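Chemist: Could you have a look at this structure, given as structure tokens, before my questions?
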Amino acid sequence: MRSSGGPPPCFDSTFRSSPHRRAKSRFLLGSLRPSLQDRRASWLTEQKLQQLVFLDSLGGSFAGLLHAVLATPEAWQRFVDSDFDFSSSLPDGFEETLTPFQALLLTKALRPEELVLAARKFVASQLGAEFIEPPPRSLSEVYRDSSACTPILFLLSSGVDPTEEINRLADELGAGREDVHFVSLGQGQGARAAALVAAARETGEWVCLQNCHLAPSFMPTLQRLHEELCAGSVHQNFRLFLTSMPCQTFPLSLLESTIKITSEPPAGIKANLLRIYAEREDSEDPELRQLEQRRDFQRLFFGLALFHAVALERRKFGAIGWNNFYDWTPWDCIISQVQLMVSIAEVPRNQTGFSFDALTFSTAALNYGGRVTDAMDLRAVDALFRSFVSTHTLEQDFLPSQTPLYRLPDATSFEAYRQAIGRLPLQDPPEAFGLHRNASLMLKEREARELLSWILSSSQLRSSDSSRTRQISDSSAVKLVGDLLSRLPPLLDRHQAHASTFEASRNSATKAPELSPLSVFFSHEVANFNALLHLVRVSLLEVQQ
Numbered sequence: 001m002r003s004s005g006g007p008p009p010c011f012d013s014t015f016r017s018s019p020h021r022r023a024k025s026r027f028l029l030g031s032l033r034p035s036l037q038d039r040r041a042s043w044l045t046e047q048k049l050q051q052l053v054f055l056d057s058l059g060g061s062f063a064g065l066l067h068a069v070l071a072t073p074e075a076w077q078r079f080v081d082s083d084f085d086f087s088s089s090l091p092d093g094f095e096e097t098l099t100p101f102q103a104l105l106l107t108k109a110l111r112p113e114e115l116v117l118a119a120r121k122f123v124a125s126q127l128g129a130e131f132i133e134p135p136p137r138s139l140s141e142v143y144r145d146s147s148a149c150t151p152i153l154f155l156l157s158s159g160v161d162p163t164e165e166i167n168r169l170a171d172e173l174g175a176g177r178e179d180v181h182f183v184s185l186g187q188g189q190g191a192r193a194a195a196l197v198a199a200a201r202e203t204g205e206w207v208c209l210q211n212c213h214l215a216p217s218f219m220p221t222l223q224r225l226h227e228e229l230c231a232g233s234v235h236q237n238f239r240l241f242l243t244s245m246p247c248q249t250f251p252l253s254l255l256e257s258t259i260k261i262t263s264e265p266p267a268g269i270k271a272n273l274l275r276i277y278a279e280r281e282d283s284e285d286p287e288l289r290q291l292e293q294r295r296d297f298q299r300l301f302f303g304l305a306l307f308h309a310v311a312l313e314r315r316k317f318g319a320i321g322w323n324n325f326y327d328w329t330p331w332d333c334i335i336s337q338v339q340l341m342v343s344i345a346e347v348p349r350n351q352t353g354f355s356f357d358a359l360t361f362s363t364a365a366l367n368y369g370g371r372v373t374d375a376m377d378l379r380a381v382d383a384l385f386r387s388f389v390s391t392h393t394l395e396q397d398f399l400p401s402q403t404p405l406y407r408l409p410d411a412t413s414f415e416a417y418r419q420a421i422g423r424l425p426l427q428d429p430p431e432a433f434g435l436h437r438n439a440s441l442m443l444k445e446r447e448a449r450e451l452l453s454w455i456l457s458s459s460q461l462r463s464s465d466s467s468r469t470r471q472i473s474d475s476s477a478v479k480l481v482g483d484l485l486s487r488l489p490p491l492l493d494r495h496q497a498h499a500s501t502f503e504a505s506r507n508s509a510t511k512a513p514e515l516s517p518l519s520v521f522f523s524h525e526v527a528n529f530n531a532l533l534h535l536v537r538v539s540l541l542e543v544q545q
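So this is what it looks like as structure tokens:
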């Protein structure tokens, strides 16, 4: 009799024969996974291979995907290892055969760290490029849509202050900054705010109530003031501006009747630069317009704006960018621009003598460094500023000085610089921040996970296999309910308690039997616990049915 310790001789000889027969044997015994493992390239990880198998199983435009990747691994490796941008294309003709959403799926399988940029590419192809590049906000357009009875609400985020925008709007409309009243709400400011609103509605002035989230007790009064505006006579030039962080105490009816502006910091170097140049381009400052024609001023101004954008964007890298988080604001950049204007106005055109040391100290050490609490971060701020604003900025055509990434336009107008900024890529290279590529990779992976998390939390996930998913969910719920019912204890029985627990004793005064205080407490607890057990059991039985 043959021992059962091994396969029959005919199978054994087949397993040990040619690779072709061994592949067939693997199919007989289980799956083709070992064969795929033998054929896959070193860059194709197990997770990527599994996702390619899944996409290939969908058929349609994905048919033959797995074979293409395994047949021409060099072309696909170049796609995986190359810098990913909007011009990146899929090998083997899949760029033409796949729809934009299918291309997004394949990018997610092979390059999951580039999911955010691939999603932007998908949105641009479906809705248009304007949906991935938010246009600079125009407060004048919002003003035209508002009325004396319609407040304008700024929903704030960290590092954003719309005060200067409101003042500039007043200048543009000829209202004058002296007719714009700002009140920072807080303790003891409610009465002053209400008086200003009452007076301004008669004279046609503007009132801005700042930080509404810090004055929850004032919100009912604010709601009443708004109702009075809608019911009574109001000067047509009157405007009520409100600023608030997202909060639960803001009156819902007032929120629904306002024109809302989300004041979020721009994301990316390009967006930060566009915001800075849009503000300067709209400025009517005569000194700024005079300096605008100077080549040296335009170059240093661009270097300063680039430094501000890089300093802000390094924060998203966490401890790799800065040891601590610093709440730099647009005002830090604005005051630095003013100091640059004063410094360069003292130097005649086409002459040397500009003091970079003074500008470096006032900007890097005071304006930005004044917020820095870590010694190493302070050194980094100084070094970063010198790489963007120095004699190199005037002599060379690229910034920063160590790794030339951004070309300085040979122009002397804000409009020309703004057009050059508009041609910059959306994706910022890590070298622009003075960081290694691995830092950018970690950031992209985190942003991709956050994007998927946001999509999952905001969508209902109504896919084509929702019925199957619901069936699986229902069967799991029934199984869980049955398990909970089996573990649910029976109702407590007072008769099974110890004899002394509910033993009655005679009152010394009335001689009537009565329970002790502890027994009364136990009686109430037993009744409450039994009521809870009954409620849980009934609820589980209803779910089970």
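When the letters of the sequence shown are read in order and numbered with the UniProt record's numbering, they come out as residues 1 to 545.
Just so you know, even glycine gets a beta-carbon here, dropped at the ideal spot from N, CA and C.
As the structure is a prediction and not an experimental result, all values here were calculated from the model.
(1) Could you compute how far the alpha carbon of ALA411 sits from the alpha carbon of HIS392?
(2) Please report the straight-line C-alpha distance between LEU196 and GLU287, rounded to a whole angstrom.
(3) Quick one: using the 10 Å Cβ neighbour count with 16 as the cut-off for buried, is ILE455 buried or exposed?
(4) Please return the same chain residues whose Cβ sits closer than 6 Å to the Cβ of ILE276, not counting the five positions on each side in sequence.
(5) Assuming CYS208 is part of the beta strand (DSSP E), what are its boundary residues?
(6) Quick one: what does DSSP say ILE261 is sitting in, helix, strand or coil?
(7) Taking the straight line between their C-alpha atoms, what separation do you get for SER147 and GLN236?
(8) To the nearest angstrom, how far is the alpha carbon of LYS48 from that of LEU110?
(9) From PHE385 to LEU399, what does the alpha carbon distance come to, in whole angstroms?
(10) Thinking PHE307 and VAL389 are a contact (beta carbons under 8 Å), I'd like their distance in whole angstroms, please.
(11) Nearest by alpha-carbon distance to SER257: which of GLU264, LEU240, ASN272 and CYS247 is it?
(12) Could you check what DSSP says for ILE472 in three-state terms: helix, strand or coil?
(13) Relative to the C-alpha of GLY318, which residue among ALA416, LEU443 and PRO100 is closest?
(14) Comparing alpha-carbon positions, which option in MET376, LEU535 and ARG192 lies nearest VAL207?
(15) What three-state label does DSSP hand VAL160 in the structure shown?
(16) Got a sec, what are the start and stop residues for the beta strand (DSSP E) ARG239 sits in?
(17) Identify whether residue 546 lies in helix, strand or coil by the three-state DSSP scheme.
(18) Can you tell which of PHE101, PRO100, LEU106 and GLY59 has its C-alpha closest to the C-alpha of PHE79?
(19) What number of angstroms, rounded off, separates the C-alpha of GLN427 from the C-alpha of GLY268?
(20) Counting along the chain, where does the alpha helix (DSSP H) carrying PHE101 start and finish?
(21) Assuming the contact rule is C-beta atoms closer than 8 Å, THR243 and ASN211 should be a hit. Round their C-beta distance to whole Å, please.
(22) Using 8 Å as the cut-off, can you tell me whether the region 211 to 228 makes contact with the region 117 to 133, which would need three or more C-beta pairs spanning the two stretches below that distance?
(23) Helix, strand or coil for LEU155 per DSSP?
(24) Using CA atoms only, rank isn't needed, just tell me which of LEU312, ASP374, GLU395 and PHE521 is closest to VAL160.
(25) For THR360 and VAL381, what's the separation of their Cα atoms in angstroms?
(26) Classify THR329 as helix, strand or coil using the three-state DSSP reduction.
(27) Please name the residue in PHE521, GLU503, PHE522 and LEU532 whose C-alpha comes closest to that of GLU514.
(28) For VAL310, report the span of its alpha helix (DSSP H) as first-last.
(29) Does DSSP classify THR373 as helix, strand or coil?
(30) Would you list the residues sitting across from ARG418 in a DSSP beta bridge?
(31) Do you know offhand how far LEU254's Cα is from GLU228's?
(32) So, for LEU104: in the same chain, excluding its five sequence neighbours on each side, which residues have a beta-carbon less than 7 Å away from its beta-carbon?
(33) Could you name the residues of the same chain whose beta carbon sits closer than 6 Å to that of SER157, not counting the 5 residues immediately before and after it, in chain order?
(34) On the DSSP bridge list, what partners appear for ARG407?
(35) Just to confirm, is the Cβ distance from ILE261 to PHE154 under 7 Å?
(36) Which same chain residues end up closer than 8 Å to SER125 when comparing Cβ atoms and leaving out the 5 residues on each side of it in sequence?
Modeler: Taking the structure as given:
(1) 17 Å
(2) Our two residues, LEU196 and GLU287, have alpha carbons roughly 34 Å apart in a direct line.
(3) Exposed: under 16 other Cβ atoms inside 10 Å.
(4) ALA305
(5) 206 to 210
(6) strand
(7) Taking C-alpha positions only, SER147 is separated from GLN236 by approximately 7 Å.
(8) 6 Å
(9) 11 Å
(10) Taking C-beta atoms under 8 Å as the contact rule, PHE307 and VAL389 qualify, at a distance of about 6 Å.
(11) Among GLU264, LEU240, ASN272 and CYS247, the Cα nearest to that of SER257 is on LEU240.
(12) With a pLDDT of 49 at ILE472, under the threshold of 50, the modelled position of this residue cannot be trusted; read the value that follows with caution. Helix.
(13) LEU443
(14) ARG192
(15) coil
(16) 239 to 244
(17) No answer is possible for residue 546: it lies beyond the span of the chain, which begins at 1 and ends at 545.
(18) LEU106
(19) 8 Å
(20) 100 to 110
(21) 6 Å
(22) no
(23) strand
(24) Comparing C-alpha distances from VAL160 to each of LEU312, ASP374, GLU395 and PHE521 shows the shortest one belongs to LEU312.
(25) If I take the Cα positions, the gap works out to 10 Å.
(26) Residue state, collapsed to three classes: coil.
(27) GLU503
(28) 295 to 313
(29) coil
(30) According to DSSP, ARG418 bridges with nothing at all.
(31) Roughly 12 Å between the two C-alpha positions.
(32) Only ALA118, ALA119 and PHE122 meet the Cβ criterion.
(33) Taken in chain order, the residues that qualify are GLU264.
(34) PHE398
(35) For ILE261 and PHE154, yes; Cβs fall inside 7 Å.
(36) PRO100
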